[in-house]
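Trainee: Below you'll find the structure I mean.
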Amino acid sequence: MAREFVRTVDVPQRPPPARVANFWAVWRDRVAPSPLSAVATVVIALVVASTVWTVVDWAVIRAVWSAPDRTLCSEPGAGACWPFADARKLQWVYGLYPIDQRWRPNIVFTVGALSLAGLLIPKVPGKLWNGIFFFSVFPVLAVALLLGGFAGLSFVETTSWGGFLVTLIASFTSIVVSLPLGVALAIGRQSELPIVKLLCTIFIETVRGVPLVLVLFMAVNMLPLFLTPGTVPNKFAIVLVGVALFFSAYMAEVVRGGLQAMPKGQYEAANALGLHYWKLMTFIILPQALKIVIPSIVNTFIGVVQNTTLVLVVGIFDLLNMVNAGFNDATWASPQTGNTGYFSLAVIYWVICFAISRYSLYIERRLNVGHER
Amino acid sequence: MTISSDPGIQKAPAATADGFDFVYSPRFRALVSQTVVVLLLLWGLYEMVANTQANLAKLNKNFGFDFLTNAAGFDLSTTLIPFSSNSSYATALIAGFWNTVLVSVLGMIVSTVMGVFIGIMRLSKNQVVSGFATLFIELVRNIPLLLQLFVWYALVLKPLPSAKLAINFQDSIFISNRGVVMPHPTFGEGAWLAPLFLVAAIFGTWFYARWARQQQFETGRQLPVWSVNSAALVLAPIVGFAVAGWPVTWSYPALAGFNFKGGMTIVPEMAALLLGLSIFYAASTAEIVRSGIMAVSQGQTEASMALGLTRAQALRQVILPQAMRVMIPPMASQLLSLTKDSSLAIAIGFPDLMYASGTVNNQSGKAIEVFTLALLVYLGLSLLTAAFMNWFNARLKLVER
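So the sequence lines, in the order shown, correspond to chains X and U.
Quick note: the first sequence uses my numbering, first residue 1, plus one each step.
Quick note: the second sequence uses my numbering, first residue 1001, plus one each step.
Next comes the structure, spelled out in structure tokens:
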């Protein structure tokens, strides 16, 4: 019986590799290691060049830079309609928030940004107090200031909030609620109490099994029916509750990953020291488990920021919906208006999400340093 | 100093008369805390049901699924099953369900193929190729899917002419802003031979693959399995159809007023949704593929090279099978997300399950019933996908001693 597992003939010897110090050889190895690869390089270069050219041509060369209305933008061959973006930019930020009251969101933006920067930059001291402020005091103050209706501040309905303000509020609420709730659900799912465990598992798996759009529809259409007859809940608040609960389930799974990565010895050592369950969790397990999953938590935040756009299906005017709404304005309706709006949006979201993902990588690297020996 | 006066050391729990301490018994504590949870839950449920009943009574509505047989009174732009405004609400929901399944399955296939391709590109030695893949992934992953759908919808729909000026191929395929309209096949008698032949071919290829494997173990000779089997799978239904004598008639589309009559249509909404979903999820899939391949140790590649395998052989027969094990769990949740995100169809107006549920709710006002149904269907789809991926995972798992 023939056995063909083993070579019987020598493979012909290959020539020695080109001198590595040779500049051209190095470059050839990078862009065209084989003929087929060279073809791929050329094709990709052409595709990228033509795409970049199309975008630059549209966004810069053929673009309309200043115009009072749509006339110039409607001309055939016109590119991006930047005057539209310029005219609308404040509405994209504040929505329909009263113009003379815009200092209120401004204060919220500034205080929030300062506090957040303090939390994100490792060198800034006072992390604990800053964190407590940012996650508990700041939200209350922000909502009070934005709503008004006291101390001479005029009352501003949530229906006139919009744009970037709403996107930020929705993202921030989801993050602030989903983190502690997610931790609680994850601990509950690991619990030894069968009923608690069952309830947490059912909640997490159900929420993770349905789309956010459906959760939003259910929140807006069904939740009011569950409340005491006569209460008219605020639609924006309901949507926030829906989004926050939705992401809590996802956060719970992220945290569970961290909890499961904890070696059993940590539990046993803590028990041996005489710590009871809650002390064991707060002082031993959670600090370590959360530290491991910080990168995943930050990635979930990117998902949160991106998915707040979905609130538009229930008629909340977030940034995307606000930009969308501007397209029908008779002053600016032109074939290029939509493209300009979407292009600006894409740049804004891309910068935000890319920044978050880079920060996540930076944190990951910083945390890893401690583990190297 | 006695030990008990030291505040750091607790006194051992004193046993009660019958030898059982309620405060310190873990079992008793568990019982109490869980009873409280259950009572709270029951109270919440009771309040909810009572409130709902009161609210529904106030709105003159009642709870029930009878309305499903009522006429829908609205149209859906494209359906896989026959649907008109006279059809029932239930039919509308079912039509939406099949559209969801259609878009999800197509999206899964396209995004997986694209994702694997781009993931491998990202690991290429050619830095232009890997740089392009990185650019694609970073660009796509950092822009919200909904925005991408809007962009694709605008890009797909904008350049298309109106139905009257449709781009016409041989009077049978028309491309316009009403979508791509093409002839619709009606299968005649004997057409069932084609699927029959296909099933036979599937069995045949399975047996052939097994036999070829056995041959390789016994003699070391490799038989051409891949090419033979793919040829068999493609040719079988065609041969079956030919044997039956091509029993098919085509209904050609024709312009009637502002729209086309006859034929079948791929609406632009569907094209945009598929493009958006596939590209967005291809980027995530590519990252999963990359990390899966990177998780296989470099020694495996070197060992395959030492055995004289080519790069392609090493990738296909050594690296990918091992990388698959790392990739499957995240891929499973990826495909689940895709199914759920197909519900974004509602934002651009493709009639999937979410769109149908929303419209039925608007028409009938039966929010609780409609959305509970949708919830159950989406949960069912998720559980089905999860079960399939678990089965697949178990099959591929390394058998450990």
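Ideal Cβ placement from N, Cα and C applies to all residues, glycine included.
1. Span of the alpha helix (DSSP H) holding L1102 (chain U)?
2. Between the region 183-191 of chain X and the region 246-264 of chain X, can you find at least three pairs of beta-carbon atoms closer than 8 Å?
3. Write down the C-beta distance between G1096 (chain U) and P1351 (chain U) rounded to the nearest angstrom, noting that I regard them as a contact closer than 8 Å.
4. Taking all protein chains shown into account, decide if L165 (chain X) is buried (16 or more other Cβ within 10 angstroms of its Cβ) or exposed.
5. Assuming the contact rule is C-beta atoms closer than 8 Å, L119 (chain X) and N106 (chain X) should be a hit. Round their C-beta distance to whole Å, please.
6. Name, please, each residue of chain X whose Cβ falls closer than 7 Å to the Cβ of N1055 (chain U).
7. Could you spell out the range, first to last residue, of the beta strand (DSSP E) harbouring T1186 (chain U)?
8. With H, G and I counted as helix, E and B as strand and the rest as coil, what does DSSP make of A237 (chain X)?
9. Starting from the beta carbon of I195 (chain X), find every residue of chain U whose beta carbon is closer than 8 Å, and list them in chain order.
10. Since S1176 (chain U) is in the alpha helix (DSSP H), which residue starts that stretch and which ends it?
11. For M1324 (chain U), verify whether its CB is less than 6 Å away from any heavy atom of the ligand GDP.
12. In chain X, what lies closer than 9 Å to Y1378 (chain U) by C-beta?
13. How many Å lie between S1087 (chain U) and T308 (chain X) at the Cα?
14. Taking buried to mean at least 16 other C-beta atoms within 10 Å of its own C-beta, is E364 (chain X) buried or exposed?
15. Name the two residues that bound the continuous beta strand (DSSP E) containing W58 (chain X).
16. Shortest alpha-carbon distance to L146 (chain X) belongs to which of X:A117, X:A49, X:F172 and X:Q101?
17. Here's the rule I'm using: 16 or more other beta-carbon atoms within 10 Å means buried, otherwise exposed. How should W161 (chain X) be labelled?
18. Grab the span of the alpha helix (DSSP H) containing N1168 (chain U) for me, first residue to last.
19. Residue range of the alpha helix (DSSP H) that M1305 (chain U) falls in?
20. Going straight from the alpha carbon of L1198 (chain U) to that of V1243 (chain U), what length do you get?
21. Count the other CB atoms, across all protein chains shown, that sit within 10 Å of the CB of W53 (chain X); report buried if there are 16 or more and exposed otherwise.
22. Quick check: what's the CA-CA separation for S37 (chain X) versus S1124 (chain U)?
23. Please compile the residues from chain C whose C-beta is within a distance smaller than 9 Å of the C-beta of Q1334 (chain U).
24. Using three-state DSSP, classify S360 (chain X) as helix, strand or coil.
25. Consider the Cβ of G338 (chain X): report whether some Cβ of chain U lies at a distance smaller than 7 Å.
26. Would the beta-carbon of F1174 (chain U) fall within 7 Å of that of K1366 (chain U)?
27. For Y1355 (chain U), count neighbouring Cβ atoms within 10 angstroms of its own Cβ and tell me buried if that reaches 16, exposed if not.
28. For S37 (chain X), return the contacting residues in chain U, with the cut-off set at a CB-CB distance below 9 Å.
29. For a test of the three-state rule: what should DSSP assign to G315 (chain X), helix, strand or coil?
30. Which first and last residues belong to the beta strand (DSSP E) in which M1264 (chain U) is found?
31. Do the CB positions of S171 (chain X) and V323 (chain X) come within less than 7 Å of each other?
32. Grab me the residues of W58 (chain X)'s own chain with a C-beta within less than 8 Å of its C-beta, minus the 5 sequence neighbours each way, in chain order.
33. Check each candidate in U:M1270, U:L1376, U:A1286 and U:A1332 and name the one with the smallest Cα separation from L1344 (chain U).
34. Could you give the residue range of the beta strand (DSSP E) that holds V1248 (chain U)?
35. Using DSSP's beta-bridge definition, name the partner residues of G1179 (chain U).
36. Counting contacts by CB-CB distance shorter than 7 Å, is V43 (chain X) in contact with chain U?
Mentor: Working from what's here:
1. Y1089 to R1122
2. Between the region 246-264 of chain X and the region 183-191 of chain X, the count of Cβ pairs shorter than 8 Å is three or higher; the stretches touch.
3. 6 Å
4. buried
5. L119 (chain X) to N106 (chain X), Cβ: 20 Å. No contact.
6. L225 and P229
7. H1184 to F1187
8. helix
9. The CB of I195 (chain X) comes closer than 8 Å to the CB of Q1034, V1037 and V1038 in chain U, given here in chain order.
10. Counting along the chain, S1176 (chain U) falls outside any alpha helix (DSSP H), though it belongs to the beta strand (DSSP E) covering I1173 to S1176.
11. Because no ligand of any kind appears in the structure shown, any question about the ligand GDP cannot be addressed here.
12. G209, V210, P211 and L214
13. 35 Å
14. exposed
15. That residue, W58 (chain X), is in no beta strand (DSSP E); it is neither H nor E in DSSP.
16. Of the candidates X:A117, X:A49, X:F172 and X:Q101, the residue whose Cα lies closest to the Cα of L146 (chain X) is X:Q101.
17. buried
18. First-last for N1168 (chain U): I1167 to F1169, but that is the beta strand (DSSP E), not the alpha helix (DSSP H).
19. Q1298 to A1306
20. 13 Å
21. exposed
22. Their backbone Cα atoms lie some 9 Å apart in a straight line.
23. Looking for chain C here will not work: the only protein chains present are X and U.
24. helix
25. yes
26. no
27. buried
28. S1124, K1125, N1126, V1128 and V1129
29. coil
30. Judged by DSSP secondary structure, M1264 (chain U) falls within the beta strand (DSSP E) whose first and last residues are M1264 to I1266.
31. no
32. G79, A80 and N339
33. U:M1270
34. V1248 to S1251
35. Paired residues: U:S1176.
36. no
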